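See below for the structure under consideration.
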Amino acid sequence: MYRSRLEGKLDDITLEFLSSISDDSVISEYDILGSQAHTLMLLENEIVTRQEAVKILGALENLKKFDFSKKSDAEDIHELIESLVIKKAGKEAGGKMHTARSRNDQVALDIRMRIRDDINTVCFCLNQTIETLVDLAEKNQDAIMPLYTHMQQAQVGLFSHFLLAYADALFRDLDRFYVAYGRVNESPLGAGPVGGTSIPIDRQSTAKMLGFKGLVENSIDATTSRDFVAEYLGNSAILMTNLSRMAEDFIIWSTSEFSFIDLSDRFTSTSSVMPQKKNPDVLELIRGKTSQVIGYQTAVLSNLKGLPSGYNRDLQQVKVSIWPTSKIVISSLLVVNSLLKTLKVNENVMRDAIEGGYSISLDIAESLVRRGTPFRNAHRIVGNLVQIAARSGRPLLALSPNEVKSVIQDGEIDALELHRIIQSATPEHSLELRKSRGSAGKHEQQRMIEERKRKVKAYMTGTSRRTTEVRESFGLLGKTVASLIRNSVK
Ligand code: ARG
73 MYRSRLEGKL DDITLEFLSS ISDDSVISEY DILGSQAHTL MLLENEIVTR
123 QEAVKILGAL ENLKKFDFSK KSDAEDIHEL IESLVIKKAG KEAGGKMHTA
173 RSRNDQVALD IRMRIRDDIN TVCFCLNQTI ETLVDLAEKN QDAIMPLYTH
223 MQQAQVGLFS HFLLAYADAL FRDLDRFYVA YGRVNESPLG AGPVGGTSIP
273 IDRQSTAKML GFKGLVENSI DATTSRDFVA EYLGNSAILM TNLSRMAEDF
323 IIWSTSEFSF IDLSDRFTST SSVMPQKKNP DVLELIRGKT SQVIGYQTAV
373 LSNLKGLPSG YNRDLQQVKV SIWPTSKIVI SSLLVVNSLL KTLKVNENVM
423 RDAIEGGYSI SLDIAESLVR RGTPFRNAHR IVGNLVQIAA RSGRPLLALS
473 PNEVKSVIQD GEIDALELHR IIQSATPEHS LELRKSRGSA GKHEQQRMIE
523 ERKRKVKAYM TGTSRRTTEV RESFGLLGKT VASLIRNSVK
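Numbering (this note's numbering), first residue to last: 73 to 562.
Next comes the structure, spelled out in C-alpha cells:
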C-alpha cells in the first residue's frame with residue numbers, strides 16, 4: 073500500500089522476512105482503539121468531517137471481530153488495518169485516517185498499551201502469590217528447620233521465615249513493575265514519524281481518551297525509545313530469577329533425602345519407565361523458563377545498543393521478546409501460586425534435621441556472650457565442642473561434663489555451667505531468644521506477617537484502581553464511537 077516511490081512488488085520470501093504481521097495479532101485490539109481515538113481527535117479539531125469520521129470509526133468497529141491471526145500479505149498490523157478501513161470506508165474517508173500520524177508513533181503506542189495491561193496482570197498475580205506465601209507463613213510459624221549457607225546447616229530457623237523471605241523478594245519485584253507502570257503509561261501518539269506535524273492535532277486529547285497519564289513529549293524520544301521495554305523485561309528477568317531460587321529450594325527439599333515438603337501430585341510428573349518417580353517438573357520449568365526470559369532481555373538490549381536515534385526497522389524485533397515474556401511470567405506466577413496452596417509441610421522431618429546437625433552452635437556461643445565471654449572465645453569453645461561431638465557422630469547435648477571441661481582454657485568459664493548451657497539450648501528456646509529485627513525469632517514472624525498483609529492490601533488497591541482507570545477510558549471511548557455512529561444512522 074505504501075510503495076508508490078518504489079518500483080515493483082516484494083517477492084514472497086522478502087515480504088515474509090520483512091513482515092511483522094505474525095507477531096502483531098497481540099496488538100491488533102490496541103491498534104484499533106488507538107486509531108479510533110486518533111480519528112475522534114481529528115474530528116474534534118476539524119481535520120476530518122463528521123461523516124468521514126463516522127465511516128472510519130464504523131470500519132474500525134467492524135474490525136474488532138476480524139481474525140488477525142489469518143495469513144495476510146501486509147507488512148504489519150498497521151498496514152493491514154488501514155487497508156481494511158480504506159476498503160470498507162472508501163478512499164475518500166478511509167484515506168484520511170492516517171493523517172498526522174505514522175506507523176512509528178503507532179507501533180510505540182500499541183506496545184505501550186499492551187505492556188500497560190500486562191503490568192497490571194503481573195502485579196495482580198504477584199500480589200496473589202505473595203498473599204499465599206504470607207498465609208502459608210502464618211500457618212508455619214512453629215515449623216522449626218535448619219537455615220542454610222553454602223547448603224550446610226547454619227542456624228536454627230523457621231519455615232515461615234523462608235516463606236516471608238520469598239514474599240519480600242516478590243514485593244520488590246511487585247514494586248519494580250508498579251513503578252515502571254508510570255513510565256509506560258505515557259502516550260507517544262501524535263509524534264509522527266519523528267519530528268511531529270504541521271496539522272493542528274491535539275496529543276493530550278488522544279492520550280486522555282486512551283487512559284494515559286501524560287505524553288512522551290519529545291517526538292524523537294517518543295518514536296525511538298524502547299527503554300520501557302527493556303525495563304519491563306528486566307523486571308521480568310529479576311522476578312523469574314527470584315522464583316527460580318524458590319523453585320530450587322523446593323526441589324531440594326522435596327527430594328527423598330530431605331523430605332521437608334511434599335509437592336502435590338497435581339504439580340509433579342512421572343517417568344515413562346520408572347514407575348516410582350514423582351518429579352518436580354513444574355519447578356524445573358520455572359528454572360528453565362527463567363533462562364529464556366533473561367535471553368529475551370539480552371536480545372532487546374543488544375538490539376537497542378547499536379541504534380541511532382529515530383525509528384529503525386531493527387525495532388520491529390523488540391516486540392518478539394515481549395509477548396512470550398509476559399506469557400512466561402504470568403503463567404509461572406499462576407502455577408507457583410497453586411503449587412504453594414497445595415504444599416505439604418513435613419514439620420517433624422524438618423525438626424529432626426536440626427537434631428542431626430550442629431545449627432544450634434551459634435545460639436550456644438551467644439549464651440556465653442550474654443554472660444560476659446568475649447565472642448571470639450565463645451566461638452572457639454563451641455567449635456572445639458562440635459569437633460569432639462562430630463568425631464563420634466553425637467549431638468552436643470550428649471557431651472559429658474568431662475568432655476565439656478576439656479575445651480575450657482584458663483578457667484574462662486565453669487565447666488558445669490557450660491554443660492548446663494548446652495543442655496538448655498533447645499531450638500525452641502533459641503527461637504524465643506532470637507529478637508533482632510527481621511530474624512528467625514518467634515516474635516518477629518508475627519510482626520512481619522501482619523505488616524506484609526497490610527502491604528498486600530495497599531498494592532492490590534492501587535492495581536485495581538489502575539485497571540479500572542484503563543477500562544473506564546476504553547469504555548468511554550467505545551461509548552463516544554457508538555453514539556457518533558448511532559446518531560449518523562438516524
Ligand atoms: N512493523 C513495524 C514495527 O513493528 C512498524 C513500524 C514501521 N515503520 C517504518 N517506518 N517502517 O516496528
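For each residue, glycine too, the CB sits at the ideal point set by N, CA and C.
Predicted, not measured: the structure shown is a model, and the values here were computed from it.
| query | result |
| --- | --- |
| Whose CA, out of 97, 231 and 240, lies closest to the CA of residue 183? | 97 |
| Distance check for residue 539 and residue 255, CA to CA, integer angstroms please. | 16 Å |
| What are the start and end residues of the alpha helix (DSSP H) that includes residue 392? | 388-413 |
| One question on the structure: do residue 235 and residue 198 come within less than 8 Å of each other, judged by their Cβ atoms? | no |
| Going by beta carbon distance, what residues of the same chain come within less than 8 Å of residue 362, once the five residues before and after it are set aside? | 309, 312, 313, 315 and 316 |
| Out of curiosity, what's the CA-to-CA distance linking residue 486 and residue 519? | 38 Å |
| Measure the Cβ-Cβ separation of residue 439 and residue 493 and say whether it is below 8 Å. | yes |
| What is the DSSP secondary structure of residue 218, counted as helix, strand or coil? | strand |
| Which residues share a DSSP beta bridge with residue 230? | 216 |
| Do residue 110 and the ligand ARG come close, with the Cβ less than 7 Å from some heavy atom? | no |
| Any heavy atom of the ligand ARG within a distance shorter than 7 Å of the CB on residue 307? | no |
| Determine the DSSP secondary structure at residue 258, reduced to helix, strand or coil. | strand |
| For residue 74, does the count of other Cβ atoms within 10 angstroms reach 16, so buried, or fall short, so exposed? | exposed |
| Is it buried or exposed, residue 251, if we count other Cβ atoms within 10 angstroms and call 16 or more buried? | exposed |
| Which residues in the same chain as residue 330 place their Cβ atom closer than 7 Å to its Cβ, once the five residues preceding and following it in sequence are excluded? | 324 |
| Could you check where the alpha helix (DSSP H) with residue 199 kicks off and where it finishes? | 175-211 |
| Can you name, in chain order, every residue of its own chain whose Cβ lies under 8 Å from the Cβ of residue 462, other than the five neighbours on each side? | 430 |
| Name the one or two DSSP bridge partners that residue 333 has. | 417 |
| Which one or two residues does DSSP pair with residue 326 in a beta bridge? | Looking at the DSSP assignment, residue 326 forms no beta bridge with any residue, so it has no partner. |
| Is the Cβ-Cβ distance between residue 390 and residue 375 less than 8 Å? | yes |
| Going residue by residue through the region 421-477, where are the continuous alpha helix (DSSP H) segments of at least 4 residues, counting only ones entirely within it? | 433-442, 447-463 and 473-477 |
| Tell me which residues share the same chain as residue 136 and place their Cβ nearer than 8 Å to its Cβ, disregarding the 5 neighbours each side in the sequence. | 101 and 104 |
| For residue 517 versus residue 213, is the C-beta distance shorter than 8 Å? | yes |
| Where does the unbroken alpha helix (DSSP H) through residue 372 begin, and where does it stop? | 353-376 |
| Where residue 515 and residue 206 are concerned, what is the direct C-alpha to C-alpha distance, given to the nearest angstrom? | 15 Å |
| Do you know whose CA, among 506, 419 and 365, lies nearest residue 399's CA? | 365 |
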